[in-house]
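Residues in the sequence shown are numbered from -14 upward in steps of one, following the working numbering. Note that beta-carbon positions come from the ideal geometry of N, C-alpha and C, so glycine has one too. Treat the numbers as computed from the prediction; the structure is a model and nothing was measured. The structure appears below as structure tokens.
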Amino acid sequence: MTRSRPPARSTGGFASPTAPRRMPRQDPAVVAANLERFRLAHAGMVRWAEKARECVRFYEGDQWTEAERAEMEAQGRPVLVINRIKPVVRTVQGFMRRNRYETVFKPGNDGSGTKETAEALSMVSKQIDERNGSRWIDSQVFQDGIQTGRGFWDVRLDYERNALGEVRIRDLDPFSVYLDPEANTYEPDGWAYVTLSRWMSLRDIDVLFGRAVAGDLRADQPDGMPVRGDAGTEPADEITPDRTFGLDEYLGGPYDAAAAPILGSETQGFHPVEHVHRARRLLRVLETQHWELREVWRATDHTTGQRMTLPATWSDRKVARLIQWNQARGLPFGIERAVERCVRWTVTCCDRVLFDDWSPYQHMTVVPFFPYFRRGRTQGLIEDLIDPQIELNKSRMNRLHILSTSANGGWDVERGALDEENMRALEDEGARPGVIITRERGTAPLQRIQPSLPPQGWKMFEMDSAEDIKQISGINESAMGHIDRVQSGRAIEARQRQALNAVEPDFDNLARSRELKARVILSLVQRYYTEERIIRVRGEMDREQTVVVNQRDPAGAVVNNLAAGAYDIVIDETPVSSSYMQAQFEEALELRQRGVPIPDDILVRSSSIAGKDAIIARLEEQRAAQEAAAQAQHLAVTTQLGQPPGASLPPITASRPFAGTAPYQPPPPPPPSPAPGGPPGAAPAPQAPGPAPGPVPGPAPMPPPRPPR
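Below, the structure is given as structure tokens:
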């Protein structure tokens, strides 16, 4: 078993369980370059962020600004929100969650990978997904992408739960991820850099980057003053919707210094990032991953053509020893100096460098998901639905306003028919049902003025807006489960799938992003999962499967060596629904009726019956009992016939009624020996005649069989 490599301290807490103790080298040029990247990325992100924030607001029902609400309330108009966007988006999200996916690794085309190692890699990937709860993380990333047009994973090593290190996957806030404004590729390998903006306290900086850096920042800030981390770049605050449990609402009103122990600026309308708690000050930390050229040692396998970069910590003397070792054994490996494009990791806060070194990973840790992507242009599902939604809200509000203002058309009253008291009562209570008005004797009866009917155009506008939302999104009534006639479940599901063809490109990009994520995971596993590990996952039919990776056999070879070989990635997607499971069960039954030996437990597993785990457990118990009885019977028969346990019994036929017995055959006579002293092959010497032949004795009687044990 190989020993685990100790994690480098220079990784600044990102790939190391301990923070560095020394103060990193402070270079003003590094700080200036990192702030310039953030300034450019922030400027290129403003347009997208404003539109994405509006999309999130419309999805959450906040479709009117405070100024618009105040204006309509001053006019006496109702403020309504008829949210037709949320059902459309939730339908697409539900379709995504009904599909189950699995990452499968296959041996590459160069022949360096093996089928057994590919299966072990698939199990490792499945264990990583189970440990990280990828099902829920992927749903959150998909929700961010559908609503805003951008979703992000972060894939890196984590030493919190495992001292050897394990892959950690988490979702990122798309409003905190600043992309290279000059990039125009889907894959992060085509970006010059990506910056993550986070607001952290001095305590968090102490834990992640070391006490020396945190102490330097603490000594630089005057007590009781708000801390801003932009260090002169003066960008606007992050354009983002509400993303806290009520902090924006709590700090949105005028600041009361006597009521809240929070320090703020002198203005009366505060953003949360402008406030610093006395015990927990927030600073902007900019974490940038960018590509740089680097001179490295690179090994090449001349048989397969694969290349691998040697660790940067290896000295020239160690590389020279490796070259001599390969030459002495005649291995087809070449090692030479080369210039490669590597990831540089720079983290700054204010005017301080928290970390600046080469990344321990071969790729950026950020993996994107863009539902719609065209040369750097990203877009979600909601952006095109905002205008029809606004038209729908206005049509409904105008129609309601007309109905409410014209419901009381007034009264036609003859002059002098009512005295002053009754006239005042008619004005105040004339619209109330059951009101009694006394008129003067001999005057004409009062007549109610009939209001004019509301124009039908507003209703047509509203219907057109609702239909526009369906047509633009491509999600019709069938997709949302509104069936206009009685149909079978399979027919309904077929109609829903046909209705969701409009969003197939979004799911195609999701599969593309999952493949990118799997490639990053494969890179981390092959580079850092070098120790012997036991991988246990839930395999097919929810059965537990266990495999040992990087295990050395007695001959010294490594079994299931994850670090060797090239592998391809296949994203296997399977729909999960009652109709699909019913169809699978019917197909399994049909195959069994045609003679395919499908076991009972697989039939039960493919059904949708409740409590099928208990049924399968009982089937397995019955199968185990039958196998034990058959083995006991086999052991009894073999012991009775004097054969070793486990030996196969010959077939019982009419000519051989007793298995294991055969008629007696006398041994053949020995060959005649040559005459003494004669050469080999000479004729044998004559011998005296033996006794006269008599009857041949029969075989000895067979003893009775012993009783079974």
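Using only the alpha-carbon positions, how far apart do Gly93 and Gly550 sit? 8 Å
Applying the criterion that 16 or more other CB atoms from any shown protein chain within 10 Å of the CB defines a buried residue, is Thr298 buried or exposed? exposed
Let me know the secondary structure DSSP gives Ile554 once reduced to three states. strand
Thinking C-alpha only, which one of Ser508, Gln441, Val16 and His275 is nearest Cys335? Val16
Limits of the alpha helix (DSSP H) - the one that Tyr44 falls within: Pro13 to Tyr44
Own chain residues within Cβ distance below 7 Å of Arg326, not counting five before or after: Trp276 and Leu278
Can you tell me whether Leu385 is helix, strand or coil according to DSSP? helix
Could you pull out every residue in the same chain whose Cβ sits closer than 7 Å to the Cβ of Arg38, ignoring the five residues on either side in sequence? Ile224, Thr225 and Pro226
Pick helix, strand or coil for Tyr163, following the three-state DSSP scheme. strand
When the Cβ atoms of the segment 191 to 200 are set against those of the segment 331 to 350, are three or more pairs found closer than 8 Å? yes
With 16 as the cutoff for other CB atoms within 10 Å, does Asn695 come out buried or exposed? Limits of the chain in this structure are -14 at one end and 694 at the other, which puts residue 695 out of reach.
Could you tell me which of Gly98, Phe230 and Val41 sits nearest to Pro159, measuring between CA atoms? Val41
What does a CB cutoff of less than 6 Å around His386 pick up in its chain, not counting 5 residues either side in sequence? Arg62
Give me whichever residues DSSP pairs with Glu321 in a beta bridge. Arg283
Report back the beta-carbon spacing between Ile520 and Val534 to the nearest angstrom; my notes put them in contact at under 8 Å. 6 Å
Among the candidates Gln291, Gln347 and Ala284, whose CA atom is the shortest distance from the CA of Gly319? Ala284
Am I right that Arg322 and Thr180 are in contact with their C-beta atoms under 8 Å? What's the rounded C-beta distance? With 8 Å as the limit, Arg322 and Thr180 do not qualify as a contact, their Cβ atoms being about 31 Å apart.
For the ligand HEM, is there any heavy atom lying closer than 6 Å to the beta carbon of Arg400? The ligand HEM is not among the ligands present in this structure, which contains no ligands whatsoever.
Mapping DSSP to helix, strand and coil, what is Pro490? helix
Quick check on the DSSP output: the beta strand (DSSP E) that includes Leu339 runs from which residue to which? Arg337 to Trp343
Kindly indicate which residue of Gly134, Ile308 and Phe570 has the alpha-carbon position closest to the one of Leu295. Ile308
Does DSSP put Val420 in a helix, a strand or coil? coil
As a quick exercise: from Arg523, Ile375, Ser300 and Val198, pick the residue whose alpha carbon is nearest that of Pro9. Val198
Could you work out which residue in Val398, Val152, Gln432 and Ile67 is closest to Arg512 when comparing CA atoms only? Val152
Residue range of the beta strand (DSSP E) that Gly136 falls in? Gly136 to Asp143
Quick check: the Cα distance between Glu425 and Gln60, rounded to an integer number of angstroms? 39 Å
Under the rule that 16 or more other beta-carbon atoms within 10 Å means buried, what is Arg590, buried or exposed? buried
Using a Cβ distance threshold of 8 Å, determine whether the segment 141 to 148 contacts the segment 352 to 369, with at least three qualifying pairs required. no
Which residue comes first and which comes last in the beta strand (DSSP E) that contains Ile154? Glu151 to Leu157
I'd like to know if the segment 397 to 410 and the segment 82 to 89 are in contact, where contact means that at least 3 CB-CB pairs between them fall below 8 Å. no
Residue closest to Glu558, alpha-carbon to alpha-carbon, out of Asp493, Thr170, Ile454 and Glu447: Asp493
Grouping DSSP H, G and I as helix and E and B as strand, with all else coil, what is His275? strand
Under the three-state reduction of DSSP, which class applies to Val707: helix, strand or coil? Residue 707 is absent from the model: the chain starts at -14 and stops at 694.
Taking just the CA atoms, how far does Arg188 sit from Val261? For Val261, the predicted structure reports a pLDDT of 40, less than 50, and the residue's modelled location is therefore unreliable. A value from the coordinates is still provided. Approximately 13 Å between the Cα atoms of the pair.
Quick one: what does DSSP say Gly106 is sitting in, helix, strand or coil? The amino acid occupying residue 106 in the given sequence is Leu; Gly does not appear at that position. The answer is helix: DSSP assigns Leu106 an H, G or I state.
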